[in-house]
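Heads up, the sequence shown is in my numbering, so the first residue is 6 and it goes up one at a time.
A virtual CB, placed ideally from N, CA and C, is assigned to each residue, including glycine.
Okay, structure first, notes after.
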Amino acid sequence: MRHVACLFALVGLTTCPQPVHAQVRLTPQGPVNPQAKPQAQLAPETFRINVSPAAEPSPALKYRLVTPYLDREPGNAVPFYYRAVVQLLDGRREDMKKYYDNEDRWLEAPLAKMPRDEVRTFLSPFGGVFEQLKKATRRERVDWDWRMQDLKGNEPIEFLLAEVQEMRTLARLLRLKARLEIAEGRYEDAVETLRTGFALARAAADPPTLINDLVGIAIAMIMHAEVRELIAASDSPNLYWALSELPAPLIPMRESLRHELSMPMQMFPFLRDAETADHSPDEWRRILREGFRQFLQVTATMGEDTPQLAAEGMAQGFVLMGYSRAKQELIAAGYDRKRVESMPVAQVAAIYQARLYRHIHDEMLKWTFLPYSESGGRREPTEKMLIEQRYLGPPGHTKEIVPIASMLMPAVFQALEAQHRLETRTAGLRAVEAIRMQAAANDGRLPASFEEVTVVPVPLNPRDGKPFPYRVEDNTAVLEVPGPENQPKITWRFELTLRKATPSNRAPQGNADSAAAK
Numbered sequence: 006m007r008h009v010a011c012l013f014a015l016v017g018l019t020t021c022p023q024p025v026h027a028q029v030r031l032t033p034q035g036p037v038n039p040q041a042k043p044q045a046q047l048a049p050e051t052f053r054i055n056v057s058p059a060a061e062p063s064p065a066l067k068y069r070l071v072t073p074y075l076d077r078e079p080g081n082a083v084p085f086y087y088r089a090v091v092q093l094l095d096g097r098r099e100d101m102k103k104y105y106d107n108e109d110r111w112l113e114a115p116l117a118k119m120p121r122d123e124v125r126t127f128l129s130p131f132g133g134v135f136e137q138l139k140k141a142t143r144r145e146r147v148d149w150d151w152r153m154q155d156l157k158g159n160e161p162i163e164f165l166l167a168e169v170q171e172m173r174t175l176a177r178l179l180r181l182k183a184r185l186e187i188a189e190g191r192y193e194d195a196v197e198t199l200r201t202g203f204a205l206a207r208a209a210a211d212p213p214t215l216i217n218d219l220v221g222i223a224i225a226m227i228m229h230a231e232v233r234e235l236i237a238a239s240d241s242p243n244l245y246w247a248l249s250e251l252p253a254p255l256i257p258m259r260e261s262l263r264h265e266l267s268m269p270m271q272m273f274p275f276l277r278d279a280e281t282a283d284h285s286p287d288e289w290r291r292i293l294r295e296g297f298r299q300f301l302q303v304t305a306t307m308g309e310d311t312p313q314l315a316a317e318g319m320a321q322g323f324v325l326m327g328y329s330r331a332k333q334e335l336i337a338a339g340y341d342r343k344r345v346e347s348m349p350v351a352q353v354a355a356i357y358q359a360r361l362y363r364h365i366h367d368e369m370l371k372w373t374f375l376p377y378s379e380s381g382g383r384r385e386p387t388e389k390m391l392i393e394q395r396y397l398g399p400p401g402h403t404k405e406i407v408p409i410a411s412m413l414m415p416a417v418f419q420a421l422e423a424q425h426r427l428e429t430r431t432a433g434l435r436a437v438e439a440i441r442m443q444a445a446a447n448d449g450r451l452p453a454s455f456e457e458v459t460v461v462p463v464p465l466n467p468r469d470g471k472p473f474p475y476r477v478e479d480n481t482a483v484l485e486v487p488g489p490e491n492q493p494k495i496t497w498r499f500e501l502t503l504r505k506a507t508p509s510n511r512a513p514q515g516n517a518d519s520a521a522a523k
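If you want it as structure tokens, here you go:
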């Protein structure tokens, strides 16, 4: 199933550390076990960084990761993103192979060992691509005009997102460009490149699908890596206010969640009108048979060439197996027994399936309306309850006659977790900058606790509204940015030591200690 396979692959990319060139697999997958947990890291991702004390810039908003209001230009950014993708694909495939071949050497090595001339030569053919991205960043609006809510049948699943996948390639180029600029001490240029990257993340996530949101989150995480590198660079500017200006949440998901949870009702219209539609028994059988056939095709259980008789036999078997339970459930819910028993078997099954889906839809969607600090602890129990009560689970083990929800919904809460991980890490970077700003005010001394940080508010952990764990040990500040409760090892850990303050910025002489220590 293309949509579900892509969605789960992207959730994995934003859950566990991956090489940034990891590709989304679009091959069909079978049913996903909603009880399966993402694989946790063996240890926190630790960044041992020697940072410079950095006071608030003057003026305070000298550095911006969002396009300033007066710099915005009328128009839609999307045509410029398309132009960037076209120029990227125009003979650049071999160039990108070179990127992948050298990725570890260019991105993971300390800045002092970065082959700047080699990277500069590699990036030079992409000047037109970067120019289109810069133009897109300045446009006032982003409108892909896809009208996802108008899609019917299998169209929501089959809708291709090739251009969105190429935007991840654009993000890799921007990351490398920013890294070169940091290595050369061109910090203002690096901030502009990062601003372009964060705008790209927002643009990729603009259409209302979770796949788009997860691509946007992955791009923002790529930009985070170079924000960390910039913070670690000698005499780099303080980005506290630049990070604070980023929208919160950076990648909003509410519309995408509405679309994702409503997708089955687009694909299977009987879920919307089962209780009000007036059809003959033959028509009800046809509707349910076609819905079941469509479901099997979407989940790659059967192909286009599967005989009609075989599909009808499978549908009839599922309906007959579920009819008795469906009839009893509807009567228990208040339906008149005689009315239920007089209905066509397929209509009883359709009404029952529609009611089940509406219950699952509402139970999952309602928690997305609340801040994570209020709802985060309730989402996993909600999913567990739906599994225990057999609303969700492997086909054949749930109450569903056609296991639509079980196939399409398990990634929803995992996608939300990716969003909150991004917000938590952005707040963690702001906390690092608050520490650097206070150190500048303390004549180059680390604050012993967050109570000593008075120059700016230290952001709280968006997960629980509490301070991040912070302490100072042997002149090293230790800041932890925790992961979710059920994945405690997905954590950032900063170990910060201070350089001596200097009066001006200069190009870094090497940053061997800024790489992630595994």
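Query, Result
"Distance between G296 and D5 (C-alpha atoms, nearest Å)", "Not covered by the structure: residue 5. The range shown for the chain is 6 to 523."
"Boundaries of the beta strand (DSSP E) in which V486 is found, first to last residue", "T481 to V486"
"Collapsed DSSP secondary structure at K67 in the structure displayed", "coil"
"For R121, three-class secondary structure by DSSP", "helix"
"Range covered by the beta strand (DSSP E) that runs through E78", "E78 to N81"
"Through-space distance from P408 to S329, alpha-carbon basis", "17 Å"
"With 16 other Cβ atoms within 10 Å as the buried cut-off, status of N217", "buried"
"Cutoff 8 Å; reference A359; Cβ partners in own chain excluding five residues on either side", "F275, L276, R277, A279 and E280"
"Cβ-based neighbour list, D148, same chain, cut-off 7 Å, excluding 5 preceding and 5 following", "N81 and V83"
"Q154, buried or exposed, once every other Cβ within 10 Å from all chains shown has been counted against 16", "exposed"
"Sequence-distant residues of the same chain with beta carbon closer than 6 Å to Q443, five excluded per side", "P452, V458 and V460"
"The beta strand (DSSP E) enclosing E500, as first and last residue numbers", "W497 to L503"
"Coil, strand or helix - F297 by DSSP", "helix"
"For K343, three-class secondary structure by DSSP", "helix"
"Distance between beta carbons of S241 and A436, contact taken as under 8 Å", "Between S241 and A436 the Cβ distance is about 16 Å, and since that is not below 8 Å, they are no contact."
"Contacts around M307, its chain only, beta-carbon distance under 6 Å, and the 5 residues preceding and following it disregarded", "Because M307 sits at a pLDDT of 44, beneath the cut-off of 50, its placement in the model cannot be relied upon, and the point is left open."
"Identity of the residue in R233, W151 and Q394 nearest A432 by Cα", "R233"
"Own chain, CB closer than 8 Å to P120, minus 5 neighbours either side, in chain order", "R110 and W111"
"Pick from R344, D479 and K103 that is closest to T174, judged by C-alpha positions", "K103"
"Alpha-carbon spacing of M228 relative to S261, whole angstroms", "22 Å"
"Three-pair Cβ contact test at 8 Å for the region 66-80 versus the region 189-197", "yes"
"Buried or exposed by the 16-neighbour rule on C-beta atoms within 10 Å, applied to F131", "buried"
"Exposed unless 16 or more other CB atoms sit within 10 angstroms - verdict on Q424", "buried"
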